[in-house]
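Under my numbering, the first residue of the sequence shown is numbered 1, with each subsequent residue one higher.
Beta carbons: idealized from backbone N, C-alpha and C, even for Gly.
Presented below is the structure to which this report refers.
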Amino acid sequence: MYDMSTLLRLRYASDPNADTFFQWEGSVYCFMPNEPPKKVFKCIGMNVSRAKIEDGKLWVQGRELTYYLDPTTGEKLTRWDNPWTGEKDLPVVHIANDPVQMALPARIPLDVRHNRFSGTSAVVSEIPLFYPSPLGDEKFKDHDPNKMYQAGEFFTFKCNTKDLDSDQTIDHVEVNWTRVSRFSPFMKMKDNTGYLVFHCTGFKLPQGSTVDDLDPLLVNEIKRDMTAYATAPAEYNPNAKNVTSWTYFRDNFDTIVSKGAN
């Protein structure tokens with residue numbers, strides 16, 4: 001049976017002290033009622049994590065970044081003009097989630113799909129999300145008027161089947177990531193109805209890789225402003241709450257608003 005011990009080797013590393021890097025890039029589309037879908041951003045991101053199996057659970061601690069880029073030039077955005085509301089020069093709030101943690105029972109089976117013709121396997125993870133919105137307070141209504149947070153994260157990790165069936169850390173892994181969510185809060189879509197689709201592909205960096213092996217845009221951002229993201233947290237912190245785009249926006253709202261006033 002493929003279980004969390006398989007995921008440890010596929011998504012992370014057998015060494016609990018090893019940093020595992022993933023990188024991805026793709027497009028962000030906006031879907032509005034009665035309008036053709038619009039590509040509003042390109043994006044590029046990374047994750048660095050450590051993991052171990054202990055006391056019957058897979059323990060994971062990590063950090064991740066995703067940057068919103070101009071859909072044509074691919075340059076990092078700092079400001080954005082909203083074509084639906086007419087607001088201009090909105091400060092772009094990139095995704096900076098620290099920490100990202102989870103503790104999963106080690107015997108959870110994986111959804112694995114084999115291609116006998118190519119000798120490859122796909123490990124599929126589908127995560128529907130629905131819970132009270134961190135931005136449920138009235139002061140956030142222009143950024144997300146919904147009382148419930150609704151989204152979905154869909155991952156497909158692909159590798160050689162022989163590697164999946166071994167007992168070694170797997171270096172050569174590709175990932176497809178699709179995210180469906182409400183509009184990012186910085187877009188200030190007010191009560192407009194619609195949603196975003198993130199469509200990205202990426203890969204695992206080989207064992208022993210460092211932040212310097214990431215895309216130059218990510219390397220520059222991490223070394224200049226986001227130095228904590230060069231490594232994963234050393235230990236799982238049971239007292240820390242996961243950071244998401246919505247909680248980050250809530251917790252930094254005053255700073256974000258002040259930037260918008262400039």
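When only Cα atoms are considered, residue 242 and residue 29 end up about 26 Å apart. Assigned with DSSP and collapsed to three states, residue 229 falls in helix.
Rounded to the nearest whole angstrom, the CA to CA distance from residue 120 to residue 211 is 28 Å. DSSP places residue 111 in the uninterrupted beta strand (DSSP E) bounded by 111 to 115. Counting C-beta pairs closer than 8 Å gives fewer than three between the region 227 to 241 and the region 87 to 95, which falls short of the contact rule.
Distances from the CA of residue 259 to each of 229, 24, 21, 79 were compared; the closest alpha carbon is that of 79.
Distance from the CA atom of residue 224 to the CA atom of residue 68, rounded to whole angstroms, is 17 Å. Take the alpha-carbon of residue 249 and the one of residue 111: they are about 33 Å apart. Taking the Cα positions, residue 124 is about 16 Å away from residue 204. A straight-line Cα-Cα distance of about 21 Å links residue 161 and residue 106. Residue 20 is bridged by DSSP to 49. Nearest to residue 197 by alpha-carbon distance, out of 133, 135, 152, is 152. By the criterion of a C-beta distance shorter than 6 Å, residue 21 is surrounded in its chain by 48, 205, 209, once the five residues flanking it on both sides are discounted. Going by C-alpha positions, residue 130 is about 24 Å away from residue 157.
Per the coordinates, the alpha-carbon of residue 150 lies some 13 Å from the alpha-carbon of residue 185.
Residue 99 and residue 45 have their C-alpha atoms roughly 15 Å apart.
Beta-bridge annotation (DSSP): residue 174 is paired with 158, 203.
Annotated three-state conformation of residue 84 is coil, per DSSP. With a beta-carbon spacing of about 5 Å, residue 31 and residue 194 fall inside the 8 Å limit used to define contacts. Beta-bridge pairing by DSSP links residue 59 to 52, 103. In the three-state reduction of the DSSP assignment, residue 163 falls in the helix class, which pools H, G and I. A Cβ-Cβ distance of about 19 Å is found for the pair residue 189 and residue 66, leaving them out of contact under the 8 Å criterion.
Per DSSP, reduced to three states, the secondary structure at residue 182 is coil, with no helix or strand assignment. For residue 193, DSSP assigns no beta-bridge partner whatsoever.
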